[in-house]
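K.L.:
I'd like to ask some things about the structure below.
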Amino acid sequence: MESMSPPPQVADSIEPPSPPTERLAHFPHRLQGVLFQPIGDEGRAELVERRLVDAITRGHVRAGERLPSENDLAKSLGVAPVTVREALLALRGRGLVVTRRGRNGGSFVADHADPLSFAREAVHRSSRLALRDLGAHYAAITGACVRYAARRADPSEAQRVRRRMTGLEALDGESHRRLLDDIQIELVALSQSARLTREQMKLQAEMSPYMRLVAYTAEDRGRQAAHLSAVIDAVEAADADAAGARTESMVAETIEALIQLQLQPKTD
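Residue numbers are given in my numbering: position 61 of the sequence shown equals residue 417, and the series is strictly consecutive.
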């Protein structure tokens, strides 16, 4: 089978971690913001197109949601408005974006742009080797991050991250995954490494649709939450080995579930 192409990279500018008392004070959803960081001198329409495709296929801009205006996108991405216009034209040609006229018009993500469908298609295009490599990369970086967090974080910081887990059971699949993504990044931020946190944000954006894809049921979602809760326990207890091992177990379970999904007949 054809190997899954690596996803487009997001810019890696992020503020250095704040002091511990401030770092956990407020945690908005971070993945969408990082997708619209400046492109800089490489500001070609193709790169803008890839950045927007990345946001849509990973679900960070939802079906039916209005995109920022051309001028706002141009300012955020650091390119000319005409470059954004060209990229949006290409996205309309691919059926990912629709344009509506009038007072409440603009560019909107197409209603059929389902990130789970994109993820499912990517799994079926991938080889087992590519999926295992994806898991190995994620486990290596995330495992190292939580080990550092266990060594460096104050227990009270881990406790504050844990409080974000409250109410998970009541969320739908998409909201559940988004919150787990944020919690994972918050946990990695306790490593006190800006570089590792930036890398985790990129990896989380790549891995998130696949993790949601294999969380078919409330039981599946509960198991994913239980893994992350156990990592928080280990970080709070300053048990670096347990934090890393539980992360690796979570990733291995996800990759095996993806491989099982790959073996199922593809349906249209």
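We treat Cβ as the ideally placed atom computed from N, Cα and C, and that holds for glycine.
Would you list the one or two residues that DSSP bridges to THR603?
P.N.:
Residue mapping note: residue 603 aligns to position 247 of the sequence shown, counting from 1. According to DSSP, THR603 bridges with nothing at all.
K.L.:
Counting along the chain, where does the beta strand (DSSP E) carrying THR522 start and finish?
P.N.:
Position 166 of the sequence shown holds residue 522. That residue, THR522, is in no beta strand (DSSP E); it is neither H nor E in DSSP.
K.L.:
Looking only at its chain, what residues have a beta carbon closer than 7 Å to the beta carbon of TYR494, apart from the 5 residues adjacent to it on each side?
P.N.:
What you label residue 494 is simply residue 138 of the sequence shown in a count that begins at 1. Excluding sequence neighbours, TYR494 sits near LEU559, MET563 and VAL607.
K.L.:
Identify the continuous beta strand (DSSP E) that holds VAL435 and give its terminal residues.
P.N.:
Counting from one through the sequence shown, the residue named residue 435 turns up at place 79. Premise fails: VAL435 is in no beta strand (DSSP E) and is neither H nor E.
K.L.:
Roughly how many whole angstroms lie between the Cα atoms of PRO372 and ALA550?
P.N.:
To locate residue 372, count along the sequence shown from 1; it is residue 16. To locate residue 550, count along the sequence shown from 1; it is residue 194. Confidence is the limiting factor: at PRO372 the pLDDT is only 45, short of 50, which leaves the residue's position unreliable, though a coordinate-based value still follows. Whole-angstrom Cα-Cα distance: 5 Å.
K.L.:
Report the rounded CA-to-CA distance for ALA546 versus ALA596, giving the unit in angstroms.
P.N.:
Here residue 546 corresponds to residue number 190 of the sequence shown, with the count starting at 1. Here residue 596 corresponds to residue number 240 of the sequence shown, with the count starting at 1. Note that residue 546 corresponds to Leu in the displayed sequence, not to Ala. Using only the alpha carbons, I get a separation of about 13 Å.
K.L.:
If contacts are defined as beta-carbon pairs under 8 Å, then VAL517 and GLU542 qualify, I think. What distance do you get, rounded to the angstrom?
P.N.:
Here residue 517 refers to the residue found at position 161 when the sequence shown is read from its first residue. Here residue 542 refers to the residue found at position 186 when the sequence shown is read from its first residue. Confirmed, about 5 Å.
K.L.:
Nearest to LEU433 by alpha carbon, out of ARG406, LEU472 and ALA586?
P.N.:
Stepping through the sequence shown from its first residue, residue 433 is reached at position 77. For LEU433, the nearest C-alpha among the options comes from ARG406.
K.L.:
State the Cα-Cα distance for the pair ALA526 and ARG577, rounded to the nearest angstrom.
P.N.:
Position 170 of the sequence shown, counted from the first residue, corresponds to residue 526. Position 221 of the sequence shown, counted from the first residue, corresponds to residue 577. Approximately 11 Å, taken between the alpha carbons.
K.L.:
Looking only at its chain, what residues have a beta carbon closer than 6 Å to the beta carbon of ARG507, apart from the 5 residues adjacent to it on each side?
P.N.:
The residue labelled residue 507 in the question sits at position 151 within the sequence shown. Excluding sequence neighbours, ARG507 sits near ALA596.
K.L.:
In whole angstroms, give me the CA-to-CA distance for ASP571 and THR603.
P.N.:
Your numbering for residue 571 matches position 215 in the sequence shown. Your numbering for residue 603 matches position 247 in the sequence shown. Checking the sequence, you will find Ala at residue 571 rather than Asp. Whole-angstrom Cα-Cα distance: 17 Å.
K.L.:
What span of residues does the alpha helix (DSSP H) with THR498 cover, start to end?
P.N.:
Within the sequence shown, residue 498 is the residue found at index 142, counting from 1. Per DSSP, THR498 belongs to the alpha helix (DSSP H) from 484-508.
K.L.:
Figure out for me which residue from GLU421, ARG441, ARG418 and GLY420 has the closest Cα to the Cα of LEU625.
P.N.:
Here the chain has residues from 357 to 624 only, and residue 625 is not among them.
K.L.:
For LEU584 and GLN540, what's the separation of their Cα atoms in angstroms?
P.N.:
The sequence position of residue 584 within the sequence shown is 228, counting from 1. The sequence position of residue 540 within the sequence shown is 184, counting from 1. Straight-line Cα distance between these residues: approximately 7 Å.
K.L.:
Between ILE588 and the rest of its own chain, which residues show a CB-CB distance below 7 Å, the 5 nearest in sequence each way excluded?
P.N.:
The residue you call residue 588 lines up with position 232 of the sequence shown. Excluding sequence neighbours, ILE588 sits near ALA514, VAL517, ARG518 and LEU543.
K.L.:
Exposed or buried, LEU445, counting other C-beta atoms within 10 Å across all chains shown (16 or more means buried)?
P.N.:
The sequence position of residue 445 within the sequence shown is 89, counting from 1. With fewer than 16 other Cβ atoms within 10 Å, it is exposed.
K.L.:
Under 9 Å between the Cβ atoms of GLY568 and GLU609?
P.N.:
In the sequence shown, the residue the question calls residue 568 occupies position 212. In the sequence shown, the residue the question calls residue 609 occupies position 253. The sequence given here has Arg at residue 568, not Gly. No, the Cβ-Cβ distance between ARG568 and GLU609 is not below 9 Å.
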